[in-house]
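**Q**
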Amino acid sequence: MPSQRVTRFTLRPFLPLLALGITLSASVAQAQVLPGGQLRVLPLGDSITYGSRGINGGYRLPLERDLSPLVNFRFVGSITGNSIDMKYKNHEGHPGWTITDYLGETRRPTGGRFVGGSCPVANFVKSARPDVVLLMIGTNDGAIPQAEFERRYRRMLGYIYQAAPNAGVVFALTLTKDKNDNGAFIRASHAAGKKVAAEFALQGRSIIVVNPSVGFNPATMTTDGIHPSKAGYEQLSRSFLAGLTLMYPGSLLR
């Protein structure tokens with residue numbers, strides 16, 4: 277299994293790093309102790325979260341399989357599509373959505389209104405009441421400057437924490453792809469994601485950045501050069517599981 281790269285920012289750098297076969301390229305404000313009862317996990321993103329090209333459940337299906345023996349949890353969210361054979365079908369994977377769609381800056385009208393209200397991400401998170409958000413978004417935003425990625429990620433995370441102040445976020449950077457020239461896109465989105473995550477960590481927010489592109493081969497792990505294949509979703513699931521394990525050290529290792 278390829279190692280998963282996790283960027284861990286922390287306000288307490290003396291905390292020991294966990295030996296999980298993960299490359300820690302920095303130090304994230306640690307989440308609160310795992311709450312009693314059921315951990316509410318919100319998968320939030322686009323078609324990669326929904327599950328595309330006939331891949332049922334996307335990364336959510338293997339993550340449910342691997343997380344279930346470790347902790348009492350459930351997926352939450354307002355939609356249940358493409359979740360056959362899953363125990364917890366809820367999520368917020370909206371195919372084709374950009375960060376600006378989640379911010380309500382792009383019109384996707386349903387009955388004359390923005391989908392999810394004037395600021396969909398704020399409404400979705402407030403309704404779901406998550407303990408932790410699994411965030412992967414930005415692929416559909418395309419080739420925009422790093423500064424614009426920073427602005428969008430900053431607003432996105434700001435709304436998430438405003439709606440759920442005590443929630444943690446496992447933030448997956450965009451996947452590398454083999455369609456067109458994506459070098460500039462990957463550099464801009466990854467640099468912006470890490471920079472903005474560090475800003476929120478310095479504010480005391482719980483956030484861990486994972487990079488599922490490490491060990492990801494678009495030639496064998498995508499169906500079309502962009503959307504993950506079953507093997508690609510297994511890779512993405514492992515990245516999120518690694519982030520969750522770091523966010524709740526000890527709690528998931530029972």
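For the sequence shown, the residue numbers in our numbering are 277 to 530.
Using N, Cα and C, we set each Cβ at its ideal position, and we do this for glycine too.
1) Excluding the 5 residues flanking residue 469 on each side, which residues of the same chain have their C-beta closer than 7 Å to its C-beta?
2) How many Å lie between residue 259 and residue 404 at the Cα?
3) CA-CA distance, residue 460 and residue 412?
4) Where residue 467 and residue 427 are concerned, what is the direct C-alpha to C-alpha distance, given to the nearest angstrom?
5) Enumerated in chain order, which unbroken segments of the alpha helix (DSSP H) with a length of 4 residues or greater are wholly contained in the stretch 411-447?
6) For the beta strand (DSSP E) that residue 399 lies in, which residues bound it at each end?
7) Alpha carbon to alpha carbon, how far is residue 437 from residue 515?
8) What does the alpha-carbon distance come out to for the pair residue 345 and residue 366?
9) Look up residue 486 in the DSSP assignment and say whether it is helix, strand or coil.
10) Is it right to say residue 394 is buried, meaning 16 or more other beta carbons lie within 10 angstroms of its own, or is it exposed?
**A** Let's see:
1) Counting only Cβ-Cβ distances below 7 Å, and skipping sequence neighbours, we find 429, 447, 449, 485.
2) Here the chain covers residues 277 to 530 and nothing more, so residue 259 does not appear.
3) 18 Å
4) The alpha-carbon separation between residue 467 and residue 427 amounts to approximately 12 Å.
5) 422-439
6) That residue, residue 399, is in no beta strand (DSSP E); its alpha helix (DSSP H) goes 396-404.
7) 22 Å
8) Each residue's alpha carbon lies about 19 Å from the other.
9) strand
10) exposed
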